[in-house]
Structure formats: structure tokens, C-alpha cells
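Engineer:
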Amino acid sequence: MKALASIKTQMLSWLWRRVLTCKEVTQLASQSLDRTLPRKQRFQMRVHFLLCVWYQRYARHLHFIHRAAPRYADHMAMAAPQRLTDNAKRRMKQALQNQRDR
Amino acid sequence: MIWPPLSSGVISVALLAGEPAEALAPGIQPERQAGEATNSGEVRQSLNAPLRELRTAGLRWNHKAEADFEAMFASDILLTQGTIGYGQSRGPTEWTLSYAHNTFDLDYRPAPFDFLGFDRSVSENRNALQAGLKQRLFAPLTLLGAGGFYDGFADYRSAWLNEYYRQHFSALPEYQEAQPNGQNVSAGLRWEYLPATGFFQAEAGFLKNKIVDHYRKAGRESSFTDLEFLSDEQQERFNPDGPFRDAWIHELGPIEWTPNPGADLDNAEFWKTFHDCAAKLPVKVSRVFLLREMDEVSTDEICALLNITPNNLWVMLHRARMALRRCLEANWFGRRGGKT
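In the order they appear, the protein sequences are chains A and B. For the first sequence, numbering that gives the first Met the number 0 assigns the number 101 to the last residue and increments by one with no breaks. For the second sequence, numbering that gives the first Met the number 0 assigns the number 339 to the last residue and increments by one with no breaks.
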């Protein structure tokens with residue numbers, strides 16, 4: 000019985016070494032909000048999504064934060080400067096550029 | 000690592016289909032076929048046709064399919080290679096296409112006096128696609144050409160070395176995971192001084208490993224990180240070891256938030272929690288996070304603005320999101336307490 004259990008663990012860990020770990024998937028889930036991931040990684044994440052309930056929750060939470068964050072600007076008036084307008088962004092970029100060139 | 004592996008076994012299975020006679024004696028077939036063509040009456044009219052047409056007239060494509068599996072194992076290493084290939088030949092011309100999948104499984108063990116290293120099992124894959132062409136020029140000479148590309152480590156030694164670098168340098172902020180791949184092209188000449196029996200063959204190839212460029216570029220990067228914050232990736236919430244390494248520890252994994260968290264967006268208390276959590280991030284990280292998520296600036300622009308690499312930016316965003324998610328879960332959605 001002990002030998003059987005050992006073989007089962009061996010097989011599972013052999014499989015596990017071939018799929019993305021939860022930790023790697025959390026990194027990729029974050030990156031997927033910023034860029035288009037390679038097709039291979041998207042597929043691996045899809046597979047992981049089917050197997051792992053923690054990743055399903057984690058992905059939902061990240062998307063929630065992603066959707067909520069733009070509205071944070073309206074609620075932070077008391078504590079932080081206003082949301083940047085496009086004009087301000089351009090000026091800020093210009094200033095940083097000048098500073099770097101100098 | 001024992002090298003060369005003394006107690007090694009080799010298993011090899013090969014299947015051949017098609018016309019092996021053609022594969023064994025590519026040198027003598029064209030003359031025979033061309034001679035037959037001139038002897039038959041219906042082709043006699045085409046004697047004045049260009050030489051190339053004469054050579055291939057009445058010849059048909061021969062097909063060849065090949066499958067092969069090899070394995071090499073020792074106490075601390077397992078290498079496998081599976082190959083499938085397909086080829087066609089007609090007269091003096093032959094082309095082949097093959098796909099190979101390799102796996103490298105090795106037990107990494109640091110060298111003596113390497114006190115930073117630790118034991119780990121390493122598992123890497125490699126996929127390779129190769130195309131080849133053989134063109135007989137005239138009686139004894141054949142021109143050979145091949146090309147292809149692969150994705151993954153070139154061999155198990157690279158995988159071993161990569162693990163070494165990972166253990167020693169992954170704490171540095173400019174360290175990046177290797178994504179090795181490469182292309183190769185080769186050309187050669189084959190001189191069959193005894194048809195189908197003896198030949199002399201010389202080949203010259205060019206192999207380009209992209210990984211070299213990758214590390215060269217990585218050396219030039221400027222670094223914009225908060226080391227103290229970046230050393231923390233909530234490692235304590237993942238299994239440190241065992242067969243399910245780096246999987247969530249069940250009790251510490253993400254929990255189900257309220258069925259409709261969107262309703263909280265109109266709650267002023269929620270935004271206060273959100274603000275407190277965002278304020279706990281290091282200044283640089285929080286600036287990047289707010290630029291990306293709140294102001295929705297594109298990643299390219301942020302990189303140009305702050306003079307950081309995309310990789311650096313992704314790492315910062317990842318850790319910012321992770322920390323914020325955890326903080327919100329503990330202080331707003333959580334039914335159980337947690338350290339933030």
C-alpha cells in the first residue's frame with residue numbers, strides 16, 4: 000500500500016513539474032493585464048485555470064482591482080492630487096525628458 | 000552530476016516506411032531512370048527537351064516517414080527524445096522535414112563548497128523543427144542543406160547551468176528568466192566515390208543562440224526598484240518544497256470574496272480601505288501602480304517616462320497587485336484575519 004502511494008505521488012509530481020506552478024501563474028496573470036502573452040502561455044494558464052480554484056479566485060480579484068482602480072481617482076480627492084489630465088501628463092513627460100537629457 | 004553517465008541505458012525504436020532502396024542508394028537511381036526513359040518509345044520524342052525535364056520525366060515522388068524515440072537514463076538524469084519526420088524524393092532531389100521533442104530531467108546538486116546552492120530537480124523541454132534538402136549535382140557529388148529552429152535549452156548542460164545561475168543571481172534586481180531559443184543553418188557536400196558504399200561528407204553550419212543577446216541586453220539595463228519591497232513575493236503563502244512546490248498553501252490561498260464585490264465600489268468605507276492599502280506600497284511602486292491602473296498610461300509610456308525596462312515594470316506591477324489584493328482581502332473582504 001505504501002509503495003502504491005509512493006508511485007502515485009511520484010506520478011503526480013512528474014505531472015506537476017510539467018505545468019506552470021501557482022506562483023508563476025500569479026505573475027503571468029498580472030502581466031496579462033499589461034500585454035498580450037504568447038499563445039503557449041495563454042494555453043498553459045487556461046489549463047491551470049481549469050485545475051486550480053485559487054487561481055480562479057485570484058484572477059477574479061485582479062480583474063476587480065483592474066476595473067475599480069480608475070474610479071479611485073474620484074475618491075482620493077482629499078488625500079492626493081487630482082487625476083492627471085492628458086495635458087499634465089504631456090508636460091510631466093516633457094519635464095522628465097528635459098531632466099534626463101541635461 | 001555524473002558525467003559521462005556510466006550506468007546508462009539506451010532504448011531506441013525506429014520505424015521506416017516508403018522505399019528504403021531509394022534511401023540507401025540515392026546515387027544510382029537517376030541514371031537508371033533516365034536510361035529507361037530513353038529506351039521507351041513514348042519518351043523518345045522528348046530527347047530534345049531540356050536536360051532537367053529529361054531527368055525527372057516519368058519519375059514519381061517517393062515518400063518516407065520516420066518515427067524515433069530514444070531515452071538515456073542514469074541515477075540522477077533522464078533524457079528523452081521523440082522525433083517524427085517526413086520526406087519526399089524524386090530523381091536527384093530529396094527533402095525532409097522533422098520535429099523533435101526533448102525532455103531533460105535532472106537532479107541538480109551544487110558542487111562541493113558551493114554554500115549558496117541547494118538540491119533541486121530540474122525539468123526542461125525543447126522543441127525543434129528541422130528541414131533538409133539533398134540535391135544531386137552530378138554523378139559523385141550531392142549538395143546538402145539543412146535549417147531549422149528550436150525553442151528551449153539546447154542541451155541538458157545549459158539547463159543545469161541555468162539552474163546554477165538562478166540559484167546564485169536570481170536575487171539581483173536585473174536578473175531575468177532565460178527564454179532560450181535559436182536557429183541553425185548548415186550546408187555541405189557529399190562525395191560518393193563508391194556509389195551507395197563509400198562516401199566522404201563535409202558540412203559547415205551556423206547556429207545562433209538568442210539567449211546570448213538576451214544576457215548582453217540585460218547587462219545594460221538601468222534599475223529602478225525598491226529592493227526591500229521586491230524581495231517579498233509572499234513566498235510564505237506558497238509551498239516551499241515537496242512534490243507540489245510553489246502551489247498555494249490551502250489555508251493561505253485566496254478566499255471567495257463577497258458574491259458581488261462591484262457593489263462595494265459605491266461604498267466610501269471601501270475606498271478608505273483601498274486608499275490605506277495603496278498608501279502602504281513603497282512610493283515608487285505605488286507611483287507606477289497608479290500610473291498604470293488609475294491613469295491607464297500604457298506600459299511603453301511608463302517605461303520611457305521612468306527609464307525602466309518592461310520586465311522591471313511587470314515585476315513591480317505584479318507585486319503591487321499582489322500586495323493590494325492581499326490587503327483588501329484581509330481588511331475588507333476577509334472573514335479571517337491576516338497580516339497585511
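Glycine is no exception: its CB is placed at the ideal position from the N, C-alpha and C atoms. Since we're looking at a predicted model, the values are computed, not measured.
Taking 7 Å as the threshold (C-beta atoms), are residue 151(B) and residue 129(B) in contact?
Structural biologist: For the purposes of this step, residue 129(B) is taken as residue 130 along the second sequence, with counting starting at 1. For the purposes of this step, residue 151(B) is taken as residue 152 along the second sequence, with counting starting at 1. Going by C-beta atoms, residue 129(B) is not nearer than 7 Å to residue 151(B).
Engineer: With a CB to CB cut of under 6 Å and the five nearest residues on each side skipped, what residues in its chain are close to residue 60(B)?
Structural biologist: Numbered from 1 along the second sequence, position 61 holds the residue referred to as residue 60(B). Cβ within range, chain order: 87 and 89.
Engineer: Does the beta carbon of residue 324(B) sit closer than 7 Å to a beta carbon anywhere in chain A?
Structural biologist: Here residue 324(B) refers to the residue found at position 325 when the second sequence is read from its first residue. Yes, residue 324(B) counts as interfacial toward chain A.
Engineer: Is residue 240(B) buried or exposed, if buried means 16 or more other CB atoms sit within 10 Å of its CB?
Structural biologist: One-based indexing of the second sequence puts residue 240(B) at position 241. Residue 240(B) is exposed by the Cβ-count criterion.
Engineer: Run through chain A and tell me which residues come within less than 8 Å of residue 258(B), C-beta to C-beta.
Structural biologist: Mapped onto the second sequence, residue 258(B) falls at position 259. The contacting residues do not exist; residue 258(B) stays about 11 Å from chain A at best.
Engineer: In angstroms with no decimal places, state the Cα-to-Cα distance between residue 162(B) and residue 107(B).
Structural biologist: Start at 1 with the first residue of the second sequence, and residue 162(B) comes out as number 163. Start at 1 with the first residue of the second sequence, and residue 107(B) comes out as number 108. So the two alpha carbons sit approximately 8 Å from each other.
Engineer: Is it buried or exposed, residue 320(B), if we count other Cβ atoms within 10 angstroms and call 16 or more buried?
Structural biologist: The residue you call residue 320(B) lines up with position 321 of the second sequence. Per the 10 Å Cβ criterion, buried.
Engineer: Within 10 angstroms of its Cβ, does residue 133(B) collect 16 or more other Cβ (buried), or is it exposed?
Structural biologist: Against the second sequence, residue 133(B) aligns to sequence position 134. So residue 133(B) counts as buried.
Engineer: Between residue 60(A) and residue 258(B), how many whole angstroms is the CB-CB distance? I'm expecting something under 8 Å.
Structural biologist: As a first step, residue 60(A) is located in the first sequence; it is residue number 61 there, counting from the start. As a first step, residue 258(B) is located in the second sequence; it is residue number 259 there, counting from the start. Not quite, the Cβ-Cβ distance comes to about 14 Å (not below 8 Å), so this is no contact.
Engineer: Can you tell me whether residue 254(B) is helix, strand or coil according to DSSP?
Structural biologist: For this step, residue 254(B) is matched to residue 255 along the second sequence. Coil, per DSSP.
Engineer: Give me the residue from 178(B), 199(B), 195(B) and 135(B) with the minimum Cα distance to residue 92(B).
Structural biologist: One-based indexing of the second sequence puts residue 92(B) at position 93. Here the closest residue by C-alpha is 135(B).
Engineer: Short of 7 Å in beta carbon distance, which residues of its chain neighbour residue 99(A), apart from the five on each side in sequence? Order them along the chain.
Structural biologist: In the first sequence, counting from the first residue as 1, residue 99(A) sits at position 100. Counting only Cβ-Cβ distances below 7 Å, and skipping sequence neighbours, we find nothing.
Engineer: So does the region 62–77 of chain A actually touch the region 291–301 of chain B, counting three or more Cβ pairs closer than 8 Å?
Structural biologist: The region 62–77 of chain A, when compared against the region 291–301 of chain B, does touch it at the 8 Å Cβ threshold.
Engineer: Start and end of the beta strand (DSSP E) containing residue 185(B)?
Structural biologist: Taking the first residue of the second sequence as 1, we reach residue 185(B) at position 186. First-last of the beta strand (DSSP E) with residue 185(B): 180–193.
Engineer: With DSSP as the reference, please indicate the residues paired to residue 68(A) in a beta bridge.
Structural biologist: To locate residue 68(A), count along the first sequence from 1; it is residue 69. Bridge partners of residue 68(A): none, in fact.
Engineer: Say whether chain A places a C-beta atom closer than 7 Å to the C-beta of residue 169(B).
Structural biologist: Stepping through the second sequence from its first residue, residue 169(B) is reached at position 170. False, the Cβ-Cβ gap to chain A never drops below 7 Å.
Engineer: Check the C-beta distance from residue 276(B) over to residue 316(B) and give it rounded, since I have them as a contact under 8 Å.
Structural biologist: As a working mapping, residue 276(B) is identified with position 277 in the second sequence. As a working mapping, residue 316(B) is identified with position 317 in the second sequence. That pair is no contact at about 15 Å.
Engineer: Less than 7 Å between CB atoms is the rule here; does residue 81(A) satisfy it with respect to chain B?
Structural biologist: Sequence index remark: in the first sequence, residue 81(A) carries index 82 (1-based). Unreliable positioning characterises residue 81(A) in this predicted model, as indicated by a pLDDT of 49, which lies under 50. A coordinate reading is not provided.
Engineer: So residue 74(A) contacts chain B; which residues on that side make the cut at Cβ distance below 8 Å?
Structural biologist: Start at 1 with the first residue of the first sequence, and residue 74(A) comes out as number 75. Here the neighbours are 267, 270, 273 and 274.
Engineer: How long is the line joining the alpha carbons of residue 204(B) and residue 187(B), rounded to whole angstroms?
Structural biologist: In the second sequence, the residue the question calls residue 204(B) occupies position 205. In the second sequence, the residue the question calls residue 187(B) occupies position 188. Spanning the two alpha carbons is a distance of roughly 8 Å.
Engineer: Output the boundary residues of the alpha helix (DSSP H) element that contains residue 163(B).
Structural biologist: Start at 1 with the first residue of the second sequence, and residue 163(B) comes out as number 164. That run of the alpha helix (DSSP H) goes 155–168.
Engineer: According to DSSP, is residue 28(B) part of a helix, a strand, or is it coil?
Structural biologist: Residue 28(B) sits at position 29 when you count from the first residue of the second sequence. Note that residue 28(B) scores a pLDDT of 47, beneath 50, so its modelled location is shaky; the value from the coordinates is reported in the next line. The answer is helix: DSSP assigns residue 28(B) an H, G or I state.
Engineer: Where in the region 57–110 of chain B do unbroken runs of the beta strand (DSSP E), each at least 3 residues long, occur, reported from the N-terminal end onward?
Structural biologist: You should have 61–73, 76–89 and 92–107.
Engineer: Between residue 67(B) and residue 82(B), which are expected to be in contact by the criterion C-beta below 8 Å, what is the C-beta distance as a whole number of angstroms?
Structural biologist: Against the second sequence, residue 67(B) aligns to sequence position 68. Against the second sequence, residue 82(B) aligns to sequence position 83. That belief holds up - the Cβ atoms of residue 67(B) and residue 82(B) are roughly 4 Å apart, short of 8 Å.
Engineer: Determine whether the Cβ of residue 71(B) lies closer than 7 Å to any Cβ atom of chain A.
Structural biologist: As a position in the second sequence, residue 71(B) is number 72, starting the count at 1. It does not; no Cβ of chain A falls within 7 Å.
Engineer: Thinking just about the alpha-carbon of each residue, which of 189(B), 263(B), 62(B) and 234(B) is nearest to the one in residue 137(B)?
Structural biologist: Residue numbering aside, residue 137(B) sits at position 138 when the second sequence is read from its first letter. Of the listed residues, the one whose Cα sits closest to residue 137(B) is 189(B).
Engineer: Does the Cβ of residue 20(A) have 16 or more other Cβ atoms within 10 Å, making it buried, or fewer, making it exposed?
Structural biologist: Working through the first sequence from its first residue, we reach residue 20(A) at position 21. Per the 10 Å Cβ criterion, buried.
Engineer: Are there 16 or more other CB atoms within 10 angstroms of the CB of residue 280(B), so buried, or fewer, so exposed?
Structural biologist: Here the question's residue 280(B) lines up with position 281 in the second sequence. The residue in question, residue 280(B), is buried, as its Cβ has 16 or more Cβ neighbours within 10 Å.
Engineer: So, are the CB atoms of residue 123(B) and residue 70(B) less than 7 Å apart?
Structural biologist: Counted from its first residue, the second sequence places residue 123(B) at position 124. Counted from its first residue, the second sequence places residue 70(B) at position 71. In this structure, residue 70(B) does not lie closer than 7 Å to residue 123(B) by Cβ.
Engineer: If we ignore side chains and look at the alpha-carbon of each, how far apart do residue 248(B) and residue 142(B) end up?
Structural biologist: Sequence index remark: in the second sequence, residue 248(B) carries index 249 (1-based). Sequence index remark: in the second sequence, residue 142(B) carries index 143 (1-based). Near 59 Å, if we compare the C-alpha coordinates of residue 142(B) and residue 248(B).
Engineer: Return the first residue and the last residue of the beta strand (DSSP E) that residue 303(B) is part of.
Structural biologist: Position 304 of the second sequence, counting from 1, holds the residue named residue 303(B). Here residue 303(B) belongs to no beta strand (DSSP E); instead the alpha helix (DSSP H) covers 298–305.
Engineer: In whole angstroms, what separates the C-alpha of residue 37(A) from that of residue 332(B)?
Structural biologist: For the purposes of this step, residue 37(A) is identified with residue 38 of the first sequence, where counting begins at 1. For the purposes of this step, residue 332(B) is identified with residue 333 of the second sequence, where counting begins at 1. Roughly 33 Å between the two C-alpha positions.
Engineer: Would you report the Cα separation of residue 386(B) and residue 191(B), rounded to the nearest angstrom?
Structural biologist: As displayed, chain B neither begins before 0 nor continues past 339, which places residue 386(B) out of reach and without an answer.
Engineer: So who's on the other strand from residue 123(B), going by DSSP bridges?
Structural biologist: If you number the second sequence from 1, residue 123(B) lands on position 124. 103(B), per the DSSP bridge assignment.
Engineer: Could you work out which residues of chain A lie near residue 242(B), taking near to mean beta carbons separated by less than 7 Å?
Structural biologist: One-based indexing of the second sequence puts residue 242(B) at position 243. Result: 8, 11, 12 and 15.
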